[in-house]
Amino acid sequence: MDILEEIVAWKRLEVERFKETVPATVLYNKVESLQDVAVPSMCRALMTSDSGIIAEFKRRSPSKGWIREDGDAAVIPLDYQKNGASAVSILTDAKYFGGNDGFVQIARQSGVTLPVLYKNFVVDEYQLFQARVCGASAVLLIAAALSRYDCAMLMRTAHEIGLEVLLEIHGAEELEYLDAEPDMCGVNNRNLGTFITDVQNSFVLSEKLPRDICRVSESGIGDAATVCRLRKVGFNGFLIGESFMKEPLPGEALHRFITTMT
Numbered sequence: 001m002d003i004l005e006e007i008v009a010w011k012r013l014e015v016e017r018f019k020e021t022v023p024a025t026v027l028y029n030k031v032e033s034l035q036d037v038a039v040p041s042m043c044r045a046l047m048t049s050d051s052g053i054i055a056e057f058k059r060r061s062p063s064k065g066w067i068r069e070d071g072d073a074a075v076i077p078l079d080y081q082k083n084g085a086s087a088v089s090i091l092t093d094a095k096y097f098g099g100n101d102g103f104v105q106i107a108r109q110s111g112v113t114l115p116v117l118y119k120n121f122v123v124d125e126y127q128l129f130q131a132r133v134c135g136a137s138a139v140l141l142i143a144a145a146l147s148r149y150d151c152a153m154l155m156r157t158a159h160e161i162g163l164e165v166l167l168e169i170h171g172a173e174e175l176e177y178l179d180a181e182p183d184m185c186g187v188n189n190r191n192l193g194t195f196i197t198d199v200q201n202s203f204v205l206s207e208k209l210p211r212d213i214c215r216v217s218e219s220g221i222g223d224a225a226t227v228c229r230l231r232k233v234g235f236n237g238f239l240i241g242e243s244f245m246k247e248p249l250p251g252e253a254l255h256r257f258i259t260t261m262t
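Taking full-length UniProt numbering, the leading residue of the sequence shown gets 1, the next gets one more, and so forth.
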């Protein structure tokens with residue numbers, strides 16, 4: 001069992017435990033009351049942004065352990081916003097990434113008005129409702145973790161409750177998942193089974209992606225020159241987390257990064 005399979009197996013157990021604490025009907029009723037509450041569009045933000053940087057609040061990873069155990073969701077996401085991020089990604093998985101849904105709520109309460117990506121391993125529609133309740137704008141769906149049918153059904157539900165979808169693929173064999181018409185397509189440069197990272201993966205797949213879709217390159221982006229090269233082949237968004245989170249002041253690190261892009 002590779003790490004992705006391990007995480008997905010755990011996630012299914014975790015969701016069932018969540019349902020025992022907060023029954024699905026309770027969560028669905030909360031979302032129903034939010035239907036008139038709009039959230040900012042992540043797709044629109046990336047398509048109109050000069051930088052396209054999705055700055056990630058990521059405290060831990062399965063491969064590297066704690067990156068920033070004391071990372072404060074009330075401080076860092078807002079600093080990202082103040083320093084030019086186009087959107088913010090917040091890890092909400094607890095066991096493997098040291099996150100939780102409360103981090104999205106805390107970021108919103110601190111003053112974050114940018115689009116927020118709820119980044120987790122979504123395997124059940126219950127998690128979509130969790131994302132909507134805590135204030136997310138978009139949710140990540142990972143092709144490698146889902147069947148095409150399940151992915152399409154989750155995407156439809158996400159759209160019904162006012163969430164955009166960033167569909168993540170890693171290889172050409174997953175391009176068929178795009179038939180479900182996600183709002184954005186993310187190319188993960190990190191293999192979720194082996195955790196080997198190669199940004200060249202985005203360049204290879206760029207030629208195979210639909211021309212009109214919002215494209216996001218994820219992982220392994222360490223310098224502004226790489227972002228500029230990715231822009232030239234059609235990418236609109238660039239998800240960067242670890243390189244910012246490792247710095248004493250992540251927001252200032254983002255600012256320096258964006259400055260070198262101009």
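We put the CB at the ideal spot given by N, CA and C, even for glycine.
Spatial neighbours of residue i in its chain, beta-carbon cut-off 6 Å, leaving aside the 5 residues before and after
i: residue 218; result: 186, 188 and 239
i: residue 98; result: 59 and 60
Candidates the options, of which the one nearest residue i by Cα
i: residue 37; options: 15, 163 and 260; result: 163
i: residue 105; options: 149, 126 and 132; result: 132
i: residue 111; options: 81, 251 and 247; result: 81
i: residue 30; options: 67, 129, 248 and 205; result: 129
i: residue 47; options: 209, 252, 226 and 234; result: 234
i: residue 348; options: 64, 65, 85 and 89; result: Outside the displayed span of the chain (1 to 262) sits residue 348, for which this structure offers no information.
i: residue 124; options: 19, 231 and 241; result: 19
i: residue 160; options: 23, 35, 17 and 44; result: 35
i: residue 115; options: 121, 107 and 171; result: 107
i: residue 220; options: 190, 251 and 119; result: 190
i: residue 3; options: 210, 63 and 173; result: 63
i: residue 173; options: 204, 243 and 76; result: 204
i: residue 206; options: 237, 194 and 12; result: 237
i: residue 12; options: 195, 145, 180 and 194; result: 145
i: residue 256; options: 193, 209 and 222; result: 222
Same chain, Cβ closer than 7 Å to residue i, five either side skipped, listed in chain order
i: residue 10; result: 95
i: residue 177; result: 143, 148, 151, 167 and 169
i: residue 51; result: 84, 86, 258 and 261
Cβ shell of residue i (< 8 Å), same chain only, five flanking positions each side left out
i: residue 166; result: 42, 117, 138, 139, 140, 141, 182, 183, 184, 185, 186 and 216
i: residue 113; result: 40 and 81
i: residue 197; result: 189, 190, 191, 219 and 220
For residue i, the first and last residue of its enclosing beta strand (DSSP E)
i: residue 195; result: Looking at the DSSP string, residue 195 is not in any beta strand (DSSP E), and its letter there is neither H nor E.
i: residue 215; result: 214-218
i: residue 110; result: Taken as a continuous stretch (DSSP letters only), residue 110 belongs to no beta strand (DSSP E), being part of the alpha helix (DSSP H) at 102-110.
i: residue 76; result: No beta strand (DSSP E) holds residue 76; the alpha helix (DSSP H) holding it covers 76-82.
i: residue 55; result: 53-57
Contact belief for residue i with residue j at Cβ below 8 Å, rounded distance in angstroms
i: residue 53; j: residue 254; result: 7 Å
i: residue 127; j: residue 15; result: 6 Å
i: residue 67; j: residue 242; result: 6 Å
i: residue 120; j: residue 93; result: 5 Å
Residue range of the unbroken alpha helix (DSSP H) whose run includes residue i
i: residue 128; result: 125-134
i: residue 251; result: 250-261
i: residue 121; result: Per DSSP, residue 121 belongs to no alpha helix (DSSP H) and is neither H nor E.
C-beta neighbour in chain D for residue i, strict 7 Å
i: residue 14; result: The structure shown contains no chain D; it holds only a single protein chain.
Handout entry: Cβ pair count under 8 Å reaching 3, the stretch 55-70 against the stretch 153-171
Key = no
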